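2 protein chains.
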Amino acid sequence: MKVKLASSYGFCFGVKRAIKIAEGYENSATMGPLIHNQNETDRLQNDYNVGLYRELTDVKPKDTIIIRTHGIPRADLKELKSKDAKVINATCPFVTTPQQIVKKMSEKEYSILIFGDEEHPEVKGVKSYGKDQEDVHVILEPEELNNIRFKYDKIATVAQTTKKKEIYLQIVNELILKNKEVRVFNTICDATFENQDAARDISKEVDVMVVIGGKNSSNTKQLHSICLENCENSYLIENASELNKFWFDNKKLCGITAGASTPDWIIQQVVDSIEKY
Amino acid sequence: MKVKLASSYGFCFGVKRAIKIAEGYENSATMGPLIHNQNETDRLQNDYNVGLYRELTDVKPKDTIIIRTHGIPRADLKELKSKDAKVINATCPFVTTPQQIVKKMSEKEYSILIFGDEEHPEVKGVKSYGKDQEDVHVILEPEELNNIRFKYDKIATVAQTTKKKEIYLQIVNELILKNKEVRVFNTICDATFENQDAARDISKEVDVMVVIGGKNSSNTKQLHSICLENCENSYLIENASELNKFWFDNKKLCGITAGASTPDWIIQQVVDSIEKY
Chain C
1 MKVKLASSYG
11 FCFGVKRAIK
21 IAEGYENSAT
31 MGPLIHNQNE
41 TDRLQNDYNV
51 GLYRELTDVK
61 PKDTIIIRTH
71 GIPRADLKEL
81 KSKDAKVINA
91 TCPFVTTPQQ
101 IVKKMSEKEY
111 SILIFGDEEH
121 PEVKGVKSYG
131 KDQEDVHVIL
141 EPEELNNIRF
151 KYDKIATVAQ
161 TTKKKEIYLQ
171 IVNELILKNK
181 EVRVFNTICD
191 ATFENQDAAR
201 DISKEVDVMV
211 VIGGKNSSNT
221 KQLHSICLEN
231 CENSYLIENA
241 SELNKFWFDN
251 KKLCGITAGA
261 STPDWIIQQV
271 VDSIEKY
Chain W
1001 MKVKLASSYG
1011 FCFGVKRAIK
1021 IAEGYENSAT
1031 MGPLIHNQNE
1041 TDRLQNDYNV
1051 GLYRELTDVK
1061 PKDTIIIRTH
1071 GIPRADLKEL
1081 KSKDAKVINA
1091 TCPFVTTPQQ
1101 IVKKMSEKEY
1111 SILIFGDEEH
1121 PEVKGVKSYG
1131 KDQEDVHVIL
1141 EPEELNNIRF
1151 KYDKIATVAQ
1161 TTKKKEIYLQ
1171 IVNELILKNK
1181 EVRVFNTICD
1191 ATFENQDAAR
1201 DISKEVDVMV
1211 VIGGKNSSNT
1221 KQLHSICLEN
1231 CENSYLIENA
1241 SELNKFWFDN
1251 KKLCGITAGA
1261 STPDWIIQQV
1271 VDSIEKY
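Protein chains in written order, with this note's numbering: chain C, 1 to 277; chain W, 1001 to 1277.
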């Protein structure tokens, strides 16, 4: 069976980078799970003794602590350093940038608007870099602007989300009409959309499609549904053991994509198995 | 006949201010016509001996030169000063602001985009304040963005036009998606829209409407057509001599508005005449 990989799939740039960093620090611990994939966190634990801390109180002096892609709030970073831990920063550059923008702009007396979900750890981290926390506002919908009182008529805005750009632009447009100056920093992370676009493309040219990822993962399920639109023989599996050889009967080309939490080695096992059919 | 004036009509803030300034400098000359209304420029000439220069070459040493609301290009201002003329700046603050923004932002290495008409004198003036004239771009439609190569991926943008805000936002949205940072300065002049909104409101509550302004003036014609939508008895006149008393037969309330080049004293003559019916 001939196999073709989507032009973009699986881990994003930031996660790949963080795993590489973690592999370089044996006997360390990540602050929160590096990735939502148990196989991969087990691998890091078994091969590199990279453990997992869930609370700052878990940290002991001289620990080597890896900050995951999401980043952490400024106060937490300070506390880590005060505990005399060695801090390894694997924050995704796409998160570090908005952190620094929020810091700089709030120091220059701009009110801050973050497009994102207040509950997400990366948003909490970015927000924490604002000088005046009362004047850093986080919203997901344009309607929420009505409830905000900005301190200044100069607004700086960043996007920290994988949500639709169109909604961000709606928010920005309202800001422009009501304020003297709006500084829009394009910090939207395209990774999710890149995997989706690539899945759409490849599913049009193959006669069977395999999507690898967690069955409860919303981004994997979305990839599967995009593939089904173009290729009725699209299957969602978590790993190679779930493959069914009948799927490939009388088929010529199998396309592969994978959710954002699926490690390359799981994908490779699937590819190897399909190629044997 | 009872008369009611629209809540906003006639000269905008900037023109009123410029005329006031011109009246304070007898025996001066304006660089280009202060306003497109011959009656008003005649009045300034007759009452204050404020003349009119059309070319820089007209200027003689020790002349007092009034810069009109539109502003002038930086090089022209320099030339005026080199001729030892006394320069009185009546540039509208809504034009001075984008001039200064373009200056400051281009010095900070932002590419500049001006939403406006390249042929308009105020746009020429604003553009001239850019440090690198090759990197100051003037457009009226989003499609024109395709032909632009910005020097930087940081763009500062100002609006110098009375065109629709919606089109400006479309342009800004495209910029946001393609650049690292977009600084949007809300410099849109609302004067035209204020007169239009006020004409719409008042024409709904009167039974006869008089619009005063040049019959060739596009902004006056637009006011007239807005009034006709709500009040079929809407008449466009240039001055009180064109009033027809039959228009007011059996009418109770007459609304008044005026184009952006119609001086108050012409409006007052019309009001006085109608009140006598």
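Glycine included, every Cβ here is placed at the ideal spot set by N, Cα and C.
As the structure is a prediction and not an experimental result, all values here were calculated from the model.
For C:N37, does the count of other Cβ atoms within 10 angstroms reach 16, so buried, or fall short, so exposed?
Answer is buried; the Cβ neighbour count reaches 16.
With burial defined as no fewer than 16 other Cβ atoms inside 10 Å of the residue's Cβ, what is the status of W:K1178: buried or exposed?
W:K1178 should be labelled exposed.
Anything in the region 1173-1205 of chain W with a Cβ closer than 7 Å to a Cβ of chain C? List those residues in chain order, please.
Here the close residues are N1173, I1176, L1177, N1179, K1180, E1181, V1182, R1183, V1184, F1185 and N1186.
Taking only runs of the beta strand (DSSP E) that begin and end inside the region 1105-1144 of chain W, which ones reach a length of at least 3 residues, in chain order?
Those beta strand (DSSP E) runs which fall completely within the region 1105-1144 of chain W and span 3+ residues are 1111-1115 and 1136-1139.
Are C:V208 and C:G255 touching if we call contact CB-CB under 9 Å?
Yes; because the gap between Cβ atoms is below 9 Å, this pair is in contact.
Check whether the Cβ of C:L169 lies closer than 9 Å to any Cβ atom in chain W.
Yes, its Cβ sits closer than 9 Å to a Cβ of chain W.
Does DSSP put C:N39 in a helix, a strand or coil?
Reduced to three states, the DSSP call for C:N39 is helix.
For W:N1147, is the classification buried or exposed, using 16 other Cβ atoms within 10 angstroms of its Cβ as the cut-off for buried?
Exposed, by the Cβ-count rule.
Show which residues of chain C have a CB atom less than 7 Å away from the CB atom of W:K1164.
Those do not exist, as W:K1164 stays about 12 Å from chain C at its closest Cβ, beyond 7 Å.
Only counting runs of 3 or more residues, tell me where the beta strand (DSSP E) segments fall wholly within the region 61-107 of chain C, in order along the chain.
Qualifying beta strand (DSSP E) stretches, in chain order: 64-67 and 86-89.
Would you call C:D132 buried or exposed, if buried means 16 or more other Cβ atoms sit within 10 Å of its Cβ?
By the 10 Å Cβ count, C:D132 comes out exposed.
By Cβ distance, which residues of its chain are closer than 7 Å to C:D84, with the 5 residues on each side in sequence left out?
Correct list, in chain order: P61 and K62.
Do you know how far the Cα of C:S225 is from the Cα of C:G213?
Each residue's Cα considered, the two are about 13 Å apart.
Just to check my reading of the structure: W:V1136 and W:K1127 have Cβ atoms closer than 8 Å, yes? What is that Cβ distance to the nearest angstrom?
Indeed, because the Cβ distance is near 5 Å, the residues count as touching under 8 Å.
Would you identify the three-state DSSP class for C:E210, choosing helix, strand or coil?
Glu is not the amino acid found at residue 210 of chain C; the sequence shown has Val there. Strand.
In this structure, how does DSSP classify W:S1234 when only helix, strand and coil are distinguished?
Reduced to three states, the DSSP call for W:S1234 is strand.
I'd like the span of the beta strand (DSSP E) that includes W:E1055, first residue to last.
Unbroken run through W:E1055: none, as it is neither H nor E.
From C:K163 to C:G116, what does the alpha carbon distance come to, in whole angstroms?
Going by the C-alpha atoms only, they are around 8 Å apart.
For C:P93, count the other beta carbons within 10 Å of its own beta carbon; 16 or more makes it buried, fewer makes it exposed. Which is it?
C:P93 is exposed by the Cβ-count criterion.
Alpha carbon to alpha carbon, how far is C:Y235 from C:N244? Give it in angstroms, no decimals.
The alpha-carbon atoms of C:N244 and C:Y235 are separated by roughly 10 Å.
Can you round the beta-carbon distance between C:E174 and C:L140 to whole angstroms, since I take them to be within the 8 Å contact cut?
Going by Cβ atoms, the distance from C:E174 to C:L140 rounds to 14 Å, so no, they are not a contact pair.
Please state whether DSSP places C:T257 in a helix, a strand or coil.
Strand.
What residue from C:Y9, C:I72 and C:V3 has the CA that sits closest to C:N33's CA?
The sequence given here has Pro at residue 33 of chain C, not Asn. Out of C:Y9, C:I72 and C:V3, C:I72 has the C-alpha closest to the C-alpha of C:P33.
Based on the DSSP secondary-structure assignment, which residues constitute the bridge partners of W:M1001?
Looking at the DSSP assignment, W:M1001 forms no beta bridge with any residue, so it has no partner.
Short of 6 Å in beta carbon distance, which residues of its chain neighbour W:F1310, apart from the five on each side in sequence? Order them along the chain.
The first residue shown for chain W is 1001 and the last is 1277, placing residue 1310 of chain W beyond what the model contains.
So, at 6 Å on beta carbons, what are the nonlocal neighbours of W:A1159 in its own chain, with the 5 sequence-adjacent residues on each side left out?
For W:A1159, where only same-chain residues beyond five positions count, the Cβ hits under 6 Å are F1115, Y1168, T1187 and I1188.
DSSP three-state label for C:K204, please.
Residue state, collapsed to three classes: coil.
May I have the straight-line CA-CA distance separating C:S28 from C:K221, to the nearest angstrom?
Using only the alpha carbons, I get a separation of about 33 Å.
Would the beta-carbon of W:K1004 be found less than 8 Å away from any heavy atom of the ligand ZN?
Ligands in the displayed structure: none, and consequently the ligand ZN is not present.
In terms of residue numbering, what span does the alpha helix (DSSP H) encompassing W:I1188 cover?
Counting along the chain, W:I1188 falls outside any alpha helix (DSSP H), and DSSP gives it neither H nor E.
Could you tell me the alpha carbon to alpha carbon distance between C:N239 and C:S273, rounded to whole angstroms?
In a straight line, the C-alpha of C:N239 is about 10 Å away from that of C:S273.
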